[in-house]
Structures are given as C-alpha cells and as structure tokens.
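Asks: Can you keep this structure in mind? I'll have questions shortly.
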Amino acid sequence: DTAVSQTPKYLVTQMGNDKSIKCEQNLGHDTMYWYKQDSKKFLKIMFSYNNKELIINETVPNRFSPKSPDKAHLNLHINSLELGDSAVYFCASSHPGLGGYTFGSGTRLTVV
Amino acid sequence: GQQVMQIPQYQHVQEGEDFTTYCNSSTTLSNIQWYKQRPGGHPVFLIQLVKSGEVKKQKRLTFQFGEAKKNSSLHITATQTTDVGTYFCAANTGNQFYFGTGTSLTVIP
Chain R
176 DTAVSQTPKY LVTQMGNDKS IKCEQNLGHD TMYWYKQDSK KFLKIMFSYN NKELIINETV
236 PNRFSPKSPD KAHLNLHINS LELGDSAVYF CASSHPGLGG YTFGSGTRLT VV
Chain U
4 GQQVMQIPQY QHVQEGEDFT TYCNSSTTLS NIQWYKQRPG GHPVFLIQLV KSGEVKKQKR
64 LTFQFGEAKK NSSLHITATQ TTDVGTYFCA ANTGNQFYFG TGTSLTVIP
C-alpha cells in the first residue's frame, strides 16, 4: 500500500551507460515530480508533470528525460551517465488542496 | 537563483535543549510547508501554513508564518534523539515552489 514507490532503491553503473528509474503513485494525485538531492542535501526540482503538461527545469541537461505512460507513473531516463549525476533522486506527487508533497523513498545513483 | 534561505545550515544540541530553524524568502509567499528528512530517508510533509502570522503546533513542534508572509520558523521544544534529521521549508510563491537549503539537526544524548 505504498503511496509513492520508486525502483530501484540503489543503482550503481558505469559512465556512459543509459539507465531508467521508475516511479508510481497510487494516491490519485494530479502532479508528479522528479527531484535531485546532492551531497549537501539540497533538493533541486528537475521536472514536474501535470495532465500531460511537462515543466522542465532549464538547468537540467537534456540527457535526462521524463516519461509518463499515464497519470500514475513518471519514469526518469538518463542517457550517457556522468560522474556528476551521482545523487539521490526522489519522485514525488501532489494534488491541489491536499497539502504537501508525498515523496518516494529515493534512488541512490552512483556513477563510477 | 536561490530564493529561499534557511539558517542555520547545521545545529548540534544536547538532548533536552530547544532548537529553531528559520526560513527566509525574498518574495511574498502564498504558503509555506515544512518537511523532515531522517538520515537515509526521504522528506516527509509536516505542515502547511497559509495565513499571515499563523502559528501551528504539533506536540513539541511550533511552526510560525511571518506577518509579511516572507519568513517562517520551526521551533522544537526539549529535543529528543528522534528529532534528528534535516528540516526543510518549502515556499510557494504562487508561480514557483522552492525548497529551502535545509537545516541538519544533530541531537547529542
């Protein structure tokens, strides 16, 4: 009965590889997000997706692409991984009038 | 650039001492939220403040929203080891939503 679930929890991969992180929410929320949390704990918005409207943080490299097959899923695909991509990636969802964001448990990505 | 600053960045307290983190915005906010992230965990929503001067309490936690709706604070009375973690404010300007830089709290038993 997990509200926002993302997989995998840990991901170790080599530079140059392509990888995907999956996210699913069963809350019926309208909007989903991807956040990157660096080693200093700073939470940086990468994407938000609402009713097929994608809002992209302009600082995110185009190697990162969100894919939403339906309202309950927002996956993150990363091409040509770089060392600097190592971080914890959080999926989250929200709904107007229902308070704050609900976060997934995070995916710790390590690029070697 | 960064529009929401939190201070302090780190705080170490003895168990039983009080703790306060402050969140400051350069713009007037529609509302502000607070989250707690335990070590190794994910941010968990605590509360949302909407009204100017609003004060809300959750057990030992007291949340305030400034009169000008540009700043907020979270105060913990008599900290416990279970309070350890990073506390984030999240500011909603109406057009944008920003997480603060976070305050990492360590409680020494």
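Top to bottom, those sequences are chains R and U. Under my numbering, the residues of the first sequence are numbered 176 to 287, in order. Under my numbering, the residues of the second sequence are numbered 4 to 112, in order. Glycine included, each C-beta is placed from N, C-alpha and C at the ideal position.
1) What in chain U is Cβ-close to LEU218 of chain R, meaning under 8 Å?
2) Using a Cβ-Cβ cutoff of 9 Å, what residues of the region 60-77 of chain U are near chain R? List them in chain order.
3) Just to make sure I have the definition right: I need the residues of chain U whose C-beta is within less than 8 Å of the C-beta of SER261 of chain R. Which are they?
4) Between U:LYS72, U:ASN98, U:VAL87, which has its C-alpha nearest LEU52 of chain U's C-alpha?
5) With distance defined between alpha-carbon atoms, name the residue in U:GLY43, U:PHE22, U:GLN9 nearest to SER29 of chain U.
6) Tell me, to the nearest whole angstrom, how far the beta carbon of THR270 of chain R is from that of ASP205 of chain R; I am working on the premise that it is less than 8 Å.
7) Considering only the alpha carbon of each residue, which of R:PRO241, R:SER214, R:LYS197, R:ALA178 lies closest to GLN107 of chain U?
8) With distance defined between alpha-carbon atoms, name the residue in R:LYS194, R:MET221, R:PHE217 nearest to MET207 of chain R.
9) List in chain order: all unbroken alpha helix (DSSP H) runs of 4+ residues lying wholly within the region 241-272 of chain R.
10) If LEU202 of chain R sits next to SER261 of chain R, beta carbons under 8 Å apart, how far is it from one beta carbon to the other, in whole angstroms?
11) Check THR206 of chain R in the structure and name its three-state DSSP category.
Replies: Straight from the coordinates:
1) PRO46, PHE91, PHE102, GLY105
2) none
3) By Cβ distance, chain U contributes nothing, its closest Cβ being about 16 Å from SER261 of chain R, past 8 Å.
4) U:LYS72
5) U:GLN9
6) One point to set straight first is that residue 270 of chain R is His, not Thr, in the sequence displayed. The pair is a contact, with the Cβ atoms about 5 Å apart (cut-off 8 Å).
7) First, the amino acid is wrong: residue 107 of chain U is Ser here, not Gln. Among R:PRO241, R:SER214, R:LYS197, R:ALA178, the Cα nearest to that of SER107 of chain U is on R:SER214.
8) R:MET221
9) none
10) The pair is not a contact, with the Cβ atoms about 29 Å apart (cut-off 8 Å).
11) strand
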